[in-house]
Every structure is written in structure tokens, then in C-alpha cells.
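Chemist: Chains as they are written, first to last, in the numbering used here: chain A, 1 to 194; chain B, 195 to 388. C-beta: ideal position from N, C-alpha, C; glycine also.
2 protein chains.
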Amino acid sequence: MPRLKAPQRREQLIAVATRLFARHGYDATTTASIAEAAGVTEPILYRHFKSKQDMFVAIVRAMSAQTMQEWEELISDVGDPAERIKAVAQAVPAHIKRLSDAYHVLHGALSTSQDKKVHGVLREHYDQIEEFFCKVVVDGHKMGVFRPDLDPKSAAWQLILSGIGYAMITLNLDEVERPVVDHVIESIVRGWVK
Amino acid sequence: MPRLKAPQRREQLIAVATRLFARHGYDATTTASIAEAAGVTEPILYRHFKSKQDMFVAIVRAMSAQTMQEWEELISDVGDPAERIKAVAQAVPAHIKRLSDAYHVLHGALSTSQDKKVHGVLREHYDQIEEFFCKVVVDGHKMGVFRPDLDPKSAAWQLILSGIGYAMITLNLDEVERPVVDHVIESIVRGWVK
């Protein structure tokens, strides 16, 4: 294994940890097994992360940052706020497929962890998504696209809750069929517009 | 522990298993610990259930049956299909709170299990919920309440996905606030009506 510079090593360790947590569960994965799979010693891993928990926090933050970047790009050349919502929602199946290991880790932690630090970083993640969608809804109000009594926070959470449910079913049981996804998106936006 | 008749013993064992699976996880719970907590020997447990997996199947089936019974009662004296959807959705927070252990077990299994039998009983569960909501939507079409292009299956899945997301957040992170729940229900139904 060639020697990597610090930022690349950190990124590699996050990638390896994501894969192992997704495959064997957070609890069943040790820092020793992550170090081994990454081809480094445990002391080298500990130069980058204080603990396994610290790796989990890094995974979620990397995922949040990537999500925000993808979505900002997706809506950058879409003027109509209703179309912005559709553009992001229609890309969710591919987004979740691409980040499937990270979503396994996130939802595994959400459904099993009692840890305050884990909860803290999950809240950060959902806060960012809430803020992103709230902004689109507020823009939609200004432009007269959405009904005035549509509450931005509730609208944001309508999308977040549906997205969590979609990921839970698609990643673990059966892929929710594309026509169903498209119908659901259409219904959500219809409930928002004037 | 007094001797129970077979159906009561079975019910008691399901209740104890639900509590232990919810608290310690399915994998970390043994049939020995379930028998001990129920005050019986393991051979007595095995008279009622072939395996731990068999207990999981019984938990999900009991939960599905209870859900269907509750919801049928809820809509029995509501004529308008849009109001039926609202009545069921508005009762979801109390429903999930009441069955919180069972939902922990169900979503824990959904996010971690690779087992075919587990997947089979989860599919059964969602199929029943899909069928319940589809029927309400079809009634709504007949009565001219819902827009004709509203797809019943997609409408059912819109509710199922939102419900899974709601339970995941409320049971594990922070309770989704009641005004948000009410706004989301209002938005969903607005997207369905003519």
C-alpha cells in the first residue's frame, strides 16, 4: 500500500470505515479491522480519528457535504421553485444508490444508537437538509408559486420523512418502482402549489 | 409465575420477545434470555415457537393484525375517503407510540437483516397496509373525491414511506412536532383531491 498524504489517508479511512460499518454494522466493526482493511496500523488510524465514533461523525459530515453540493448544483439552473423540488426529488433514487453504504450506516445508527454524539451529528445532517428545502419553499412563496399557508419547515420535513422511508425500503427490502416514485413526487408538489 | 394456557403463554412470550428485541437488538437477544424473562424453561418456549426467527414473524404478524383492526375501526364511521385518510394519519403518532417496541423491532430488522423469511414477513406487513390505503383511494375515485389520475398504489406508498420516516425520527431522534405532522397530512391530502 503506497504512503498517502494526510488528507488522502483520512478520506481513504472514511471510505473503508463506511464500507465495513455498512456490511457488518457499527457495533461489530473494530478500529483494528478498519486499519487492517485500509492497510495501515491502528496507531496511524488514531492519528486521523480519536475513536470509532469520531469516524462515524466524519462519515455523516462527508455525506451531508456531498448531498448539499449535489443538490445546489442540481437546482443552480432551475428557476421555478416547484421544478427545483422535482429536480432534487427525481434524483433521490440515484443519489441514495450512489451513497448506499453511507445511508446504511446512517439509518443503522438512527435505528439503534443511544449515543448523544451520534444523535448530535444526525441532527446536524437533517438540519442542513431542512434549511435547504426551507429556502426553496420561501423562494416559492416570494415568487407566488406555493400556497401562502404552506409551512416551509413542514414542507421540508414532508420530503425528509418520505426520503428516509424510501431509502429504508429500497436499500433493504425491494426497490420502490420508478413510476411510484414519480407519482409520489407529483402528488407532493401538487399539494404545495397554489 | 402462574401456569398460563397455551394462547396466553404464546401472547406473553411475544410480548417479552418484543421488549427484549427492542431493547437489546434481535441479534443480541437469545431464546434463553426470552424464556428466562418470561419465567419459563427454553423447552416450553420451543413448544410455542420453532426458533427466534419464528418469534420475529409472530411479532410482525401480531402488529399487522392490530394495525389493520385499529384502522378499520377508525374509518368505520367516516364517509369521506379524504377524511378517512386524515383520520388514520392523525392517529399515527399515538399508534406508533403505543407500538413503539414493535416498531423498533420491525425497523431494526428492516435496516439490518438479510434473512429471506424476515423479508417475507415484512413484505406481508407492507402489502396489507398498501391494500388498506388502496381501497380508500379507490373509494375516493368512485365518490369523485380524488383526482382521477391519482394512482392508488403510489398514494398508498406515499403514506407508507412518510410513516416509516416519521417513526424512524420520532422513535430514535426527536419527536416530530404535532403542527408539522398536521401540516404534512394536510399537504398530502391536498395533493390527492380534485
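1) Taking the straight line between their C-alpha atoms, what separation do you get for K310(B) and N172(A)?
2) Can you tell me which of the three DSSP states V315(B) falls into?
3) Against V374(B), what residues of chain A qualify as contacts under a CB-to-CB distance less than 8 Å, listed in chain order?
4) Specify the secondary structure class of V193(A) as computed by DSSP and reduced to three states.
5) Residues of chain A with CB under 7 Å from V370(B), in chain order?
6) What is the rounded straight-line gap between the Cα of K199(B) and the Cα of E205(B)?
7) Restricting to Cα atoms, I'd like to know which of T18(A), F49(A), K50(A) is closest to A37(A).
8) What separation, rounded to the nearest whole angstrom, lies between the Cα atoms of Q90(A) and G233(B)?
9) Taking only the alpha-carbon atoms, compute the straight-line gap between I323(B) and A82(A) and give it to the nearest angstrom.
10) When the Cβ atoms of the segment 13-30 of chain A are set against those of the segment 50-63 of chain A, are three or more pairs found closer than 8 Å?
11) Run the CB neighbour count on M143(A), radius 10 Å, all protein chains shown included, and call it buried at 16 or more, exposed below.
12) Just to make sure I have the definition right: I need the residues of chain B whose C-beta is within less than 7 Å of the C-beta of Y166(A). Which are they?
13) Could you please give the first and the last residue of the uninterrupted alpha helix (DSSP H) stretch that includes A361(B)?
14) Compute the Euclidean distance between the alpha carbons of A259(B) and L74(A), then round it to the nearest angstrom.
15) If you reduce the DSSP assignment to three classes, tell me which class F243(B) lands in.
16) Going by DSSP, name the residue or residues bridged to F146(A).
17) Under the assumption that M168(A) contacts S270(B) (Cβ atoms under 8 Å), give the Cβ distance between them as a whole number of angstroms.
Modeler: The structure says:
1) 11 Å
2) helix
3) D151, K153, S154, W157
4) strand
5) W157
6) 10 Å
7) Looking at the Cα atoms, T18(A) is the closest of the given residues.
8) Near 52 Å, if we compare the C-alpha coordinates of G233(B) and Q90(A).
9) When only Cα atoms are considered, I323(B) and A82(A) end up about 30 Å apart.
10) yes
11) Label assigned to M143(A): exposed.
12) L355
13) A361(B) -> alpha helix (DSSP H) spans 346-366.
14) Computed Cα separation, rounded: 43 Å.
15) Correct three-state label for F243(B): coil.
16) In the DSSP output, where bridge partners are listed per residue, F146(A) has V193(A).
17) 30 Å between Cβ atoms; not a contact.
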